[in-house]
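Right, one structure below, let's go through it.
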Ligand SMILES: [Zn+2]
């Protein structure tokens, strides 16, 4: 059913999305390495005109073994379907996926607990295809403070060393889910631009997962990109309407300019798993800030969002940067490019 809808959508808006590189910088497949039930939905993502998706391997307290198992599972599934999908590890790979009509896939890690306390694991995960990693997932952790904690913790010495190692490897540092002070310090100490991979402006909707103007501006000043999230509770009162998503996009464009805003829907493909996590893991998902039944912007609604932005007068150049050009610029600038502090 999803596939049928996606193909219809693609036809009607191909005039806008057709030539544009579209990159959704954060998607959440179920983290069950033996279960590939949901992976065929990636065909619908591709059919909606999306060229690249960054898939999550682990979040919060999940460790290295489970993250590596997910990387192996996704990689094997992709390799078996090489006519439709490819793992992307460089900006050249991204262009190749886009030109060849395949969906390019790379990975991310939501939190440094996945390193099991070992900096050497950063290079291991880089080799497995991880291209961005954030420091702390909602709560304080080994690397720094989380955005849902009362304590505004600093970046820890381990966090600083991890950022230096990411700079050396050319893995992108991400400050989404981090506390204010940790995010601010990441932006200051990283030699490469730091992104907020999937964070919305708090000025539009006051949720602790959303970020204040000064963090957005600091990120942009250092060359970073803020990916606008399609998760209903971060957009508004569990509001996943296209109008509200566009309100967040336009606020960000006004504040930091069209070189610094991107797309990162945070779409959770298995809604049942999401509701179960919200029910059973109040530490990562405090009931005050999360509720079951979250609405989300599905990736196959991106063409309609592009069409609406186009109708509202945004130029083709702005749309190209917003939908994927800015993420590509970061990949060109950072992936595999070593810098020292
Ligand atoms: Zn997240």
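In the working numbering, the protein residues as written are 145 to 485.
Ideal Cβ positions, reconstructed from N, Cα and C, are used throughout, including at glycine.
Model, not experiment: these values are computed from the prediction.
Taking only heavy atoms of ligand 1 into account, decide whether any of them is closer than 7 Å to the Cβ of residue 410.
-> Yes, ligand 1 has a heavy atom inside 7 Å of this Cβ.
Can you give the Cα-Cα distance for residue 285 and residue 257, rounded to whole angstroms?
-> Taking the straight line from one Cα to the other gives about 7 Å.
Contiguous alpha helix (DSSP H) assignments of at least 4 residues, all confined to the segment 396–421 | Taking 4 residues as the shortest admissible run, the segment 396–421 contains no complete alpha helix (DSSP H) segment at all.
Buried/exposed call for residue 206, threshold 16 Cβ in 10 Å = Residue 206 comes out buried.
State the start and end residues of the unbroken alpha helix (DSSP H) segment that holds residue 376.
-> 376–379 is the extent of the alpha helix (DSSP H) around residue 376.
So, are the CB atoms of residue 376 and residue 410 less than 8 Å apart?
-> It is not a contact, given that the beta carbons lie outside the stated cut-off.
Best match in 393, 383, 399 for proximity to residue 363 [C-alpha to C-alpha] | Closest option to residue 363, Cα to Cα, is 399.
Taking the alpha-carbon positions, what's the residue 331 to residue 307 distance?
-> CA-to-CA, the gap between residue 331 and residue 307 works out to about 10 Å.
Smallest Cα separation from residue 348: which of 236, 397, 466?
-> The shortest CA-to-CA distance from residue 348 to any of 236, 397, 466 is the one to 397.
Does the beta-carbon distance from residue 248 to residue 230 come in below 8 Å?
-> Closer than 8 Å, so yes.
Is there at least one non-hydrogen atom of ligand 1 closer than 7 Å to the beta-carbon of residue 433?
-> No, the Cβ of residue 433 stays beyond 7 Å of every heavy atom of ligand 1.
Is there a Cβ from chain D that is less than 8 Å from the Cβ of residue 250?
-> In the structure shown, chain D does not exist; there is a single protein chain.
Using the Cα positions of residue 255 and residue 407, report the straight-line distance between them to the nearest angstrom.
-> So the two alpha carbons sit approximately 20 Å from each other.
Proximal residues to residue 474 (C-beta, below 7 Å), its chain only, five neighbours per side dropped | These residues qualify, in order along the chain: 316, 337, 339, 369.
Straight-line Cα distance separating residue 178 from residue 456 = Their backbone Cα atoms lie some 44 Å apart in a straight line.
Do residue 390 and residue 453 have their CB atoms nearer than 8 Å?
-> Contact flag set, yes.
Using three-state DSSP, classify residue 165 as helix, strand or coil.
-> Three-state result, residue 165: coil.
Got a sec, what are the start and stop residues for the alpha helix (DSSP H) residue 276 sits in?
-> Where residue 276 is concerned, there is no enclosing alpha helix (DSSP H), although the beta strand (DSSP E) around it starts and stops at 274–278.
Output the distance between the C-alpha atoms of residue 147 and residue 296, rounded to the nearest integer angstrom.
-> Low local confidence applies: a pLDDT of 37 at residue 147 is under 50, so the model's placement there is unreliable, with the coordinate-based value given in what follows. Rounded to whole angstroms, residue 147 to residue 296 spans 44 Å at the Cα level.
Residue 462 to residue 441, Cα distance in whole Å?
-> Rounded to whole angstroms, the separation of the alpha carbons of residue 441 and residue 462 is 21 Å.
Bridge-paired residues (DSSP) for residue 247 | Residue pairing for residue 247: DSSP places it in a beta bridge opposite 229.
Which same chain residues, not among the five before or five after residue 304, have their C-beta less than 7 Å away from its C-beta?
-> Cβ-Cβ distances below 7 Å link residue 304 to 333 in the same chain, with the five nearest sequence neighbours on each side left out; the list follows chain order.
Within the same chain, show all residues whose beta-carbon is closer than 6 Å to that of residue 414, passing over the 5 residues directly before and after it, in chain order.
-> Contacts found: 174, 182.
DSSP bridge partner residues for residue 202 (one or two, in chain order) = Note: residue 202 sits in a beta bridge opposite 253.
May I have the straight-line CA-CA distance separating residue 292 from residue 283, to the nearest angstrom?
-> The C-alpha of residue 283 is placed about 6 Å away from the C-alpha of residue 292.
Give the secondary structure of residue 440 by DSSP, where H, G and I count as helix, E and B as strand, and everything else as coil.
-> Residue 440: strand per DSSP, three-state reduction.
Supposed contact pair residue 200 and residue 172 - C-beta distance, whole angstroms, cut 8 Å = Under the criterion of beta carbons closer than 8 Å, residue 172 and residue 200 qualify as touching, at roughly 5 Å.
Could you spell out where the beta strand (DSSP E) holding residue 303 opens and where it closes?
-> It is not in any beta strand (DSSP E) - residue 303 instead sits in the alpha helix (DSSP H) that spans 301–313.
Residue 449 - DSSP class collapsed to helix/strand/coil = Reduced to three states, the DSSP call for residue 449 is helix.
Strand pairing of residue 339, partner residues [DSSP] = Beta-bridge partners of residue 339 (DSSP): 318.
Got a sec? Which residues, its chain only, sit under 6 Å from residue 342 by beta carbon, not counting five neighbours each side?
-> For residue 342, the CB contacts under 6 Å within the same chain, skipping 5 residues up- and downstream, are 170, 320, 371, 373, 408, 410 in chain order.
Please report how far the alpha carbon of residue 261 lies from the alpha carbon of residue 393, in whole angstroms.
-> Rounded to the nearest angstrom, the two C-alpha atoms are 36 Å apart.
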